[in-house]
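Step one of this worksheet: look at the structure below.
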Amino acid sequence: MFWVLALLSSFIVLSGDGLLSEGASSRPHDINVGAIFSLSTLYGQVADIAMKAAEEDVNSDPTFLNGSKLRILMYDAKRNGFLSIMKALQFMETDSVAIIGPQTSIMAHVLSYLGNELHVPMCSFTALDPSLSPLQFPFFVQTAPSDLFLMRAVAEMITYYGWSDVIALYNDDDNSRNGVTSLGDELEGRRCKISYKAVLPLDVVIGSPREIVNLQNRTKA
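Numbers -18 to -1, 1 to 203, taken from mature numbering (1 follows the signal peptide of the UniProt record, and there is no 0), label the letters of the sequence shown in order.
Spelled out as structure tokens, the structure:
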């Protein structure tokens, strides 16, 4: 849990505008950090457990935040983008010093614009869209490697096997589309190209290659 602990601590220090450096009399009793996840998903459930453990670790040492207590305000977005936006606005308008989340790259794009305007730091370890640039969104931090590095690794593997044409299968969402675009860019300088792109609906579970062919045939019909 150390990385979670360090991450939360850095957000508190960076976003508090001197919050922890002021006198004890002005130091708040609680330091609030908002968290937006869909708790019905595996990522959301794991995040909920990790956040609670991090909160306990921080608050177990009264000197860690100079007498203040960390409060992680977990919100279940229920896979609803509108609820995510509304709750993020509530966090930003109140006394939350940072937000952990959102869970998806699509929502990260939307909320990062708000974070830029209101100067509220945000971080996510699941929104890994390569287009979430730190130059464009200085208040948004990806705490896991961007999918750009994954696409570079895929391009290296394709080069290793000497393939010149590949087929890309990806989900119909912004994160996947931007990832495939990054893969295409990586392959351009390697004398390779994506000869065909097959877009798969988000709610489809693929059990075999034959199912992909059948799905594509139905889509074209």
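Just so you know, even glycine gets a beta-carbon here, dropped at the ideal spot from N, CA and C. Treat the numbers as computed from the prediction; the structure is a model and nothing was measured.
Query: Under the rule that 16 or more other beta-carbon atoms within 10 Å means buried, what is H91, buried or exposed?; Result: buried
Query: Determine the direct distance from the alpha carbon of Y178 to that of T163, and round the result to whole angstroms.; Result: 12 Å
Query: Between the region 46 to 61 and the region 134 to 144, can you find at least three pairs of beta-carbon atoms closer than 8 Å?; Result: no
Query: Compute the distance between the beta-carbons of S50 and I82, then report whether it is under 9 Å.; Result: no
Query: Can the beta-carbon of I18 be found closer than 9 Å to that of Q124?; Result: no
Query: Work out the CA separation of S20 and L169 for me, nearest whole Å.; Result: 35 Å
Query: Note down, one range per segment and in chain order, each beta strand (DSSP E) of at least 3 residues found wholly within the region 121 to 173.; Result: 122 to 124, 147 to 153
Query: Taking only beta-carbon positions, decide if L65 is within less than 9 Å of chain B.; Result: The structure shown contains no chain B; it is built from a single protein chain.
Query: Measure the CB-CB distance between S94 and F73 and report whether it falls below 9 Å.; Result: no
Query: Please state whether the Cβ-Cβ distance between D129 and L117 is less than 9 Å.; Result: no
Query: Excluding five sequence neighbours on each side, which residues of the same chain lie with their C-beta closer than 8 Å to the C-beta of R172?; Result: A137, I140, T141
Query: What beta strand (DSSP E) runs, 3 residues minimum, are completely inside the region 33 to 95?; Result: 51 to 58, 78 to 82
Query: What does a CB cutoff of less than 8 Å around I149 pick up in its chain, not counting 5 residues either side in sequence?; Result: I176, S177, Y178, K179, A180
Query: Here's the rule: buried if 16 or more other CB atoms are within 10 angstroms of the residue's CB, otherwise exposed. What is A126?; Result: exposed
Query: Between E99 and F119, what straight-line distance do the alpha-carbon atoms span, to the nearest angstrom?; Result: 10 Å
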